[in-house]
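Engineer:
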Amino acid sequence: MCLLISHLVALCFIFCLAEEGNKGYGPVFEEQPIDTIYPEESSDAQVSMNCRARAIPFPTYRWKLNNWDIDLTKERYSMVGGRLVINNPEKSKDAGKYVCIVSNIFGTVRSSEATLSFGYLDPFPPEERYEVKVREGVGAVLLCEPPYHYPDDLSYRWLLNEFPVFIALDKRRFVSQTNGNLYIANVEASDKGNYSCFVSSPSITKSVFSKFIPLIPQSDRAKVYPADIKVKFKDTYALLGQNVTLECFALGNPVPELRWSKYLEPMPATAEISMSGAVLKIFNIQYEDEGLYECEAENYKGKDKHQARVYVQASPEWVEHINDTEKDIGSDLYWPCVATGKPIPTIRWLKNGASFRKGELRIQSLTFEDAGMYQCIAENTHGIIYANAELKIVASPPTFELNPMKKKILAAKGGRVIIECKPKAAPKPKFSWSKGTELLINGSRIRIWDDGSLEIINITKLDEGRYTCFAENNRGKANSTGTLEMTEATRIILAPLNVDVTVGENATMQCIASHDPTLDLTFIWSLNGFVIDFEKEHEHYERNVMIKSNGELLIKNVQLRHAGRYTCTAQTIVDNSSASADLVVRGPPGPPGGIRVEEIRDTAVALTWSRGTDNHSPISKYTIQSKTFLSEEWKDAKTEPSDIEGNMEAATVIDLIPWMEYEFRIIATNTLGIGEPSMPSQRIRTEGAPPNVAPSDVGGGGGSNRELTITWMPLSREYHYGNNFGYIVAFKPFGEKEWRRVTVTNPEIGRYVHKDESMPPSTQYQVKVKAFNNKGDGPFSLTAVIYSAQDAPTEIPTDVSVKVLSSSEISVSWHHVSEQSVEGYQIRYWAAHDKEAAAQRVQVSNQEYSTKLENLKPNTRYHVDVSAFNSAGYGPPSRTIDIITRKAPPSQRPRIISSVRSGSRYIITWDHVKAMSNESAVEGYKVLYRPDGQHEGKLFSTGKHTIEVPVPSDGEYVVEVRAHSEGGDGEVAQIKISGAATGVPPTLLGLLLPTLGVLAYLEF
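One point on numbering: in full-length UniProt numbering, the residue at position 166 of the sequence shown is 166, and numbering is uninterrupted.
#1: Which residues in the same chain have their Cβ closer than 6 Å to the Cβ of S331, if we skip the five residues on either side of it in sequence?
#2: Going along the chain, which residues of its own chain have a beta-carbon closer than 6 Å to the beta-carbon of D35, five neighbours each way excluded?
#3: Just curious, the alpha helix (DSSP H) that D865 is in, first and last residue?
#4: I'd like the span of the beta strand (DSSP E) that includes S103, first residue to last.
#5: Counting only runs of 3+ residues fully inside the UniProt domain "Ig-like" (490-586), write out the beta strand (DSSP E) ranges in chain order.
#6: Can you give me the C-alpha to C-alpha distance between L708 and S867, rounded to a whole angstrom?
#7: Let me check understanding here. Comparing Cα to Cα, which of P591, V208, I70 lies closest to Y156?
#8: Using 10 angstroms around the beta-carbon of T487, count the other beta-carbons present and answer buried if the total reaches 16, otherwise exposed.
#9: Among Q510, D153, W712, V769, which has the Cα closest to the Cα of V545?
#10: Using DSSP with H/G/I as helix, E/B as strand and the rest coil, what is R466?
#11: First and last residue of the beta strand (DSSP E) that includes R129?
#12: Counting only the same chain and skipping the five closest in sequence on each side, list residues whose C-beta sits under 8 Å from that of P266.
#13: Please list, in chain order, all residues of the same chain as H945 whose beta carbon is under 8 Å from its beta carbon, the five residues on each side excluded.
#14: Measuring only the C-alpha atoms, how far is I184 from A140?
#15: Is the beta carbon of I796 less than 8 Å from the beta carbon of S871?
#16: Restricting to Cα atoms, I'd like to know which of Y825, L361, I555, R706 is closest to A389.
#17: What residue does the beta strand (DSSP E) around Y183 start on, and which one ends it?
#18: Quick check on S818: does DSSP put it in helix, strand or coil?
#19: How many whole angstroms separate the CB atoms of A771 and F725, which I take to be in contact at a CB cut-off of 8 Å?
#20: Can you find the residues in the same chain that come closer than 6 Å, C-beta to C-beta, to G241, ignoring five residues on each side of it along the sequence?
#21: If you draw a straight line from the alpha carbon of A789 to that of D756, how long is it in whole angstroms?
#22: What residues in its chain sit with their C-beta under 8 Å from that of Y263, if we drop five residues either side in the sequence?
#23: Would you tell me roughly how many angstroms separate the C-alpha atoms of F530 and T569, rounded to the nearest one?
#24: For I728 and N773, I'd like the C-alpha separation in whole angstroms.
#25: Under 7 Å from any heavy atom of the ligand SAM, does the C-beta of R893 make it?
#26: Report the rounded CA-to-CA distance for P883 versus G702, giving the unit in angstroms.
#27: Using the DSSP secondary-structure output, state which residues sit across from D228 in a beta bridge.
#28: Within this structure, are the beta carbons of I881 and V817 separated by less than 8 Å?
#29: Which residues bound the beta strand (DSSP E) around H321?
#30: Check for me: the beta strand (DSSP E) holding V187 runs from which residue to which?
#31: Are V28 and A53 touching if we call contact CB-CB under 8 Å?
#32: Which of the three DSSP states is assigned to K461 in this structure?
#33: Whose C-alpha, out of D932, N647, S965, is nearest the C-alpha of S953?
#34: Cα-Cα, which of W63, P126, P89 is closest to S103?
#35: Count the other C-beta atoms from every protein chain shown that fall within 10 angstroms of the C-beta of W449, then say buried if there are 16 or more, exposed otherwise.
#36: Is the separation between the beta-carbon of P588 and that of I644 shorter than 8 Å?
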C-alpha cells in the first residue's frame, strides 16, 4: 500500500512538473568559467571563477574542483550569485579543474571545465656569464637559457650594455622567440659589448633579465663562410584558424639570403615573411596549408636547406547540435548531435549533470521521467564543447483553437487538393474524416494521411461540400469543419518555343495562359531551375505586363550566361501550369581548361590544355599569353607553331628569358569574337643560362688618392639568367697586354674601387665589365678609357679676406691656386665658442673668387678658412681669419602715428626707433611703396621720421617702414593707402587714435 502511494506521489509530481513547464524552464548558461592564470606574486589576494545562468524558477549553484565538491562553508570561499571567489589562493590547494553545476526543478547542467593555474617567472641565476670571443666574420650564438616559468608564452629581447637599450634586429642579427637565443650571422667589430637576455611573460606582466654576457670580437682578416642554418623549425601541429610562426636563420659571411617555399605547392595566400626573411607567418591556417615547408639560406660561398612538416588539426566544432525540444508523451526522440574536428571527436551525453550515454541519442515511447536537462559533449585531444538543451514532455487532449481548419478551401478542376488537419494534441491523436454526414475512407481518389491531412485527386464538381476532421486521443477529442469549392484549372495555351541567338541580340519567349476568372494570375520565369529576379536583372530581362493572361519574356542584349532552359509558370493561389523551352546563345568561346606545363627549358616551355566550350561556333585559333613576376601585364607570347589552330591542344612558348618566373594563360577565338582567358598556369621558373647581355655605361675615374674607380649600369633582374649572379671587372693600364680581373658578387652594385698605393695619379686605364652566373660568363662590354684618381691639391689659397656685411652675413674672397686639377673651393666657418669639428662648410666651383656666408649669429666671433678640393680630397686650408659679426638690427618696429593726404601726396609719419644696448644704432629708415599683393615696389631711404608718397591712381598700396642699421634692417611696420574717394568732407576725413600705434587720417 505504501509503495502504491509513493508511486502516485511521484506521478503527481511529474505531472505537476509538466504543467509548470508551460511557465518555467531549466538553467541556460549566460557565462561560464574560463581558464585563469593567477600570478604567484600577485598583490591581489583573491581570484574568481565566473558562472551565471538564467532559469525559472531561479537556480542554485555549486562547484567542483578536480571532480570533488567544494565546501562553500569554508572561509576561504565565498559566492556572489554563481561566482566563486577564492581568498588567499594557494597552488597546492586551489590549482586544478573547476566545474560549475546549476540546478532548478527542471534539471541540472554542468559548465565547461576551466583550469586555474599559477603563473610564475623565476629570476635568472646570479652567477656571472662567461665572455664570448669570436673572430670577426664568424657567426655567433648567445644562449638565453630562460629561468623556470609558467606559462610558456614568453617573449625575448636582448639588451646591449645597459637598460633600456635593446639591440636592433636586421638581416645579420636575429632573436629566436622559441628559445630566446641571439644569433649573429657574422660578427663585426661594432658588435663588441655586453649582452643580456630580457625575458617577458605577458600572462603575468613580469620581466627579468640575465647577467651580461661580454662579446669580444677578435680582430682578424674576415673570411667568407657558406650559409649554415642554426635556427631550425620543427614539425609543427597547428589548430585550424590559428596563426602559425616558423623561424629560420643562418650564420655565414656574407650574410645569407633566406627564402621560403612549400614543397610542390604554392605558398598559402595568407603567408607573410618578416624579420628580413627569418620568420614565416601563416595567418588563419587552413587544412590546405598543411604540408612540407622549406627554408633555404644561401650566400655565394654555398647554401643550406631545412625542411619540416606543418600539420593542421582542429578543435571540435558543431555541425549539428541539440536545441530545446518539446515532445508528446509516448512519442520517440532522436536527437542528432554531430561535431567535426581533427582527430574526429567522440560524443557523450549528460542528463541533469550525470553521465548518461555515448554516441547518438534515441529514446522510444517517451515518458515524463525522460524530461530534464541534457548536454551533448564533443571532445578530442584539442578541446571540448558542450551543447545544452531541455527536453519537455507534454500531454493534452486535441484542440483546434490555435490552428482551426480553413473555412473555405479552393481546388482546381481535375487537380488535387490537400486539406490539412493540425490540432494540438499529446499523445498523437487518431484521425477520421466526413463529408456532410458521410464517413470517408481511403479509395482511388481519396486518401487520409498519417498526419491527419485529407488528399483528393481528379477534382470534380461533385467533390464540393463541407468536410469535417475528427481527432481523438486518450485525453479527449475534437473536430473542425471547412467547405471545399472547385475552380477552373490554369492551362498554358501558348507555350514558349526554342530560340537561337547570337551574343548581343534580343530574344523573346512567349507564354499565354487561361485561368479561373475569379482568381488572380501571375507568371514566374526561371532559368535552369532558378527564378529570375526582374529587379536585379532589369538590364537584360523584361516582362509583358500589359495583358493579364500574357507572360511574354523579352531578353535584351543576350549574353552567354543567359543560355539554358527557360520555364514559364502560370500560377494562381489554387494551382499552376508550366511550359519550357531552350535558349541557345552563340558567342565567343569559353576559357580553355586544364592548362599544364609539360616541359621547361631555358628559353622555351611546352604547354598542353583542354578545349573549353565553343559556344556553338567552332574555335578558329588560340593565343598564349605570358606574365613574369616583374610585371602585372599579360603579353602575347611567341609560340611554335606561330599560329595555333582551333583543333590543337598543345604548343611551345619560345623566346623566353632564362631563370625567370612565368605564368601562362590561353585565350580561344572564333568567328564571333575573343573569349575569356583561362585560369593562369602554375608559376614556373625557366632553366638558367649564361648571361648574353653586357653591362652598359661602363666608365668611372676620380675618387680618392691612389684609387681607380670603375662604374657601370647594373643589369636588371630579367637579364640575370641564373643563380649566383655577379660581375667580372677587368682593367689594365692603357697599352699594356695583361688584364687584371676581380669579381663583384653583389648583383645590385655597379661600382668597384681598386686601391693601389703605387698607382700614379691621373693615369689612363682601359676597363671592361661582364656578367656571370652559375651557368657561365656573359660577353664583355665595350672597353672604356678612364683615369685613376688625381692627387688632392697641395697649394693653399692666398689673399683670403673677410668683410662683415651685417649681423648675419659676411663676405669671403681669395686668390685661386695655380693647380689645374682643382674642382672648387671649400669655405669653413665656426663660432669661436664651438669646436672646429662643428664647422659648417660651403663649396663653390673653381670659377668663383668669393662667396657670401649667411644665417650667422649677431655680435659673434667666427673663424674662417679656405681650401681647394678635387675628387681626390681637400688641400691644406688657408690661415684662419677671425671676424665679429655686427650687432643685431633694432627689434622695435617703427610706430606709424599718422597718414595725411595732401592733394596728390600722402604724408606718412612715424616715431623714432631706439636701439637696445645689444643692437646696432639706427642709421636711418627704409620705406617700401608697393601695390597690395605684390612684393616689389619703389624703395626710399631717409634719415627723417616722415616721407611723402604719391596717392595711388588705382587700387590699394602698402607702405612698409623699417629701421636701418649697420647690423641690417629691423622689423617692418606697414599701412595701406588708397586713392579712392572717401565721401567725407575734404576738410577732415577722419581721426583714429588706437592704443597700439596712433593713426590719424587727414585730407586737405
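Every residue gets a Cβ at the ideal spot worked out from N, C-alpha and C, and that includes glycine. Since the structure is predicted, the reported quantities are computational estimates derived from the model, not experimental observations.
Structural biologist: The answer reads as follows:
#1: Indexing the sequence shown from 1 puts residue 331 at position 331. Result list for S331: L366, in chain order.
#2: Your numbering for residue 35 matches position 35 in the sequence shown. The residues are A114, T115.
#3: Walking along the sequence shown from the start, residue 865 turns up at place 865. Not the alpha helix (DSSP H): D865 falls in the beta strand (DSSP E), residues 861-870.
#4: Your numbering for residue 103 matches position 103 in the sequence shown. Taken as a continuous stretch (DSSP letters only), the beta strand (DSSP E) holding S103 covers 96-104.
#5: 491-494, 499-502, 507-509, 512-514, 522-527, 541-543, 553-555, 564-571, 576-586
#6: As a first step, residue 708 must be located in the sequence shown, where it is residue number 708. As a first step, residue 867 must be located in the sequence shown, where it is residue number 867. C-alpha separation (whole angstroms): 24 Å.
#7: Along the sequence shown, one-based indexing puts residue 156 at 156. For Y156, the nearest C-alpha among the options comes from V208.
#8: The count along the sequence shown starts at 1 and reaches residue 487 at position 487. Buried is the call here.
#9: Against the sequence shown, residue 545 aligns to sequence position 545. Comparing Cα-Cα distances from V545 to each of Q510, D153, W712, V769, the minimum goes to Q510.
#10: The count along the sequence shown starts at 1 and reaches residue 466 at position 466. R466 falls in the strand class under three-state DSSP.
#11: Translated into the one-based positions of the sequence shown, residue 129 becomes position 129. From DSSP, R129 is part of no beta strand (DSSP E); its letter is neither H nor E.
#12: Position 266 of the sequence shown, counted from the start, is the residue given in the question as residue 266. So the qualifying residues of the chain are Q682, R683.
#13: Position 945 of the sequence shown holds residue 945. Correct list, in chain order: T909, W910, D911, H912, Y925.
#14: Within the sequence shown, residue 184 is the residue found at index 184, counting from 1. Within the sequence shown, residue 140 is the residue found at index 140, counting from 1. In a straight line, the C-alpha of I184 is about 5 Å away from that of A140.
#15: What you label residue 796 is simply residue 796 of the sequence shown in a count that begins at 1. What you label residue 871 is simply residue 871 of the sequence shown in a count that begins at 1. No, the pair does not count as a contact, with Cβ atoms beyond the cut-off.
#16: Looking up residue 389 in the sequence shown gives position 389. For the residues Y825, L361, I555, R706, the minimum Cα distance to A389 belongs to L361.
#17: Position 183 of the sequence shown, counting from 1, holds the residue named residue 183. First-last of the beta strand (DSSP E) with Y183: 182-184.
#18: For the purposes of this step, residue 818 is taken as residue 818 along the sequence shown, with counting starting at 1. Three-state DSSP puts S818 in coil, outside helix and strand.
#19: On the sequence shown, residue 771 is found 771 positions in, with the first residue counted as 1. On the sequence shown, residue 725 is found 725 positions in, with the first residue counted as 1. Contact holds; Cβ gap of about 7 Å.
#20: To locate residue 241, count along the sequence shown from 1; it is residue 241. These residues qualify, in order along the chain: N284.
#21: Start at 1 with the first residue of the sequence shown, and residue 789 comes out as number 789. Start at 1 with the first residue of the sequence shown, and residue 756 comes out as number 756. For A789 and D756, the distance between alpha carbons rounds to 11 Å.
#22: Here the question's residue 263 lines up with position 263 in the sequence shown. Excluding sequence positions up to five before and after Y263, its CB lies within less than 8 Å of the CB of G291, L292, Y293, E294, Q307, all in the same chain and listed in chain order.
#23: Here residue 530 corresponds to residue number 530 of the sequence shown, with the count starting at 1. Here residue 569 corresponds to residue number 569 of the sequence shown, with the count starting at 1. Taking the straight line from one Cα to the other gives about 12 Å.
#24: Walking along the sequence shown from the start, residue 728 turns up at place 728. Walking along the sequence shown from the start, residue 773 turns up at place 773. Going by the C-alpha atoms only, they are around 10 Å apart.
#25: For the ligand SAM, the structure offers nothing, since it holds no ligand at all.
#26: By one-based count along the sequence shown, residue 883 stands at place 883. By one-based count along the sequence shown, residue 702 stands at place 702. The amino acid at residue 883 is misidentified as Pro; the sequence shows Ile. Distance between the alpha carbons of I883 and G702 is about 36 Å.
#27: For the purposes of this step, residue 228 is taken as the residue at position 228 of the sequence shown. DSSP lists L251 as partners of D228.
#28: As a first step, residue 881 is located in the sequence shown; it is residue number 881 there, counting from the start. As a first step, residue 817 is located in the sequence shown; it is residue number 817 there, counting from the start. In this structure, V817 does not lie closer than 8 Å to I881 by Cβ.
#29: Position 321 of the sequence shown, counted from the first residue, corresponds to residue 321. From DSSP, H321 is part of no beta strand (DSSP E); its letter is neither H nor E.
#30: Here residue 187 corresponds to residue number 187 of the sequence shown, with the count starting at 1. Looking at the DSSP string, V187 is not in any beta strand (DSSP E), and its letter there is neither H nor E.
#31: As a first step, residue 28 is located in the sequence shown; it is residue number 28 there, counting from the start. As a first step, residue 53 is located in the sequence shown; it is residue number 53 there, counting from the start. Against a cut-off of 8 Å, the Cβ pair of A53 and V28 comes out as a contact.
#32: Here residue 461 corresponds to residue number 461 of the sequence shown, with the count starting at 1. Residue state, collapsed to three classes: helix.
#33: Locating residue 953 in the sequence shown gives position 953, where the first residue counts as 1. That would be D932, whose Cα lies nearest to the Cα of S953.
#34: Reading the sequence shown from its first residue, position 103 is the one you call residue 103. Minimum Cα distance to S103 is reached at W63.
#35: In the sequence shown, counting from the first residue as 1, residue 449 sits at position 449. The residue in question, W449, is exposed, as its Cβ has fewer than 16 Cβ neighbours within 10 Å.
#36: As a first step, residue 588 is located in the sequence shown; it is residue number 588 there, counting from the start. As a first step, residue 644 is located in the sequence shown; it is residue number 644 there, counting from the start. Cβ atoms of P588 and I644: not closer than 8 Å.
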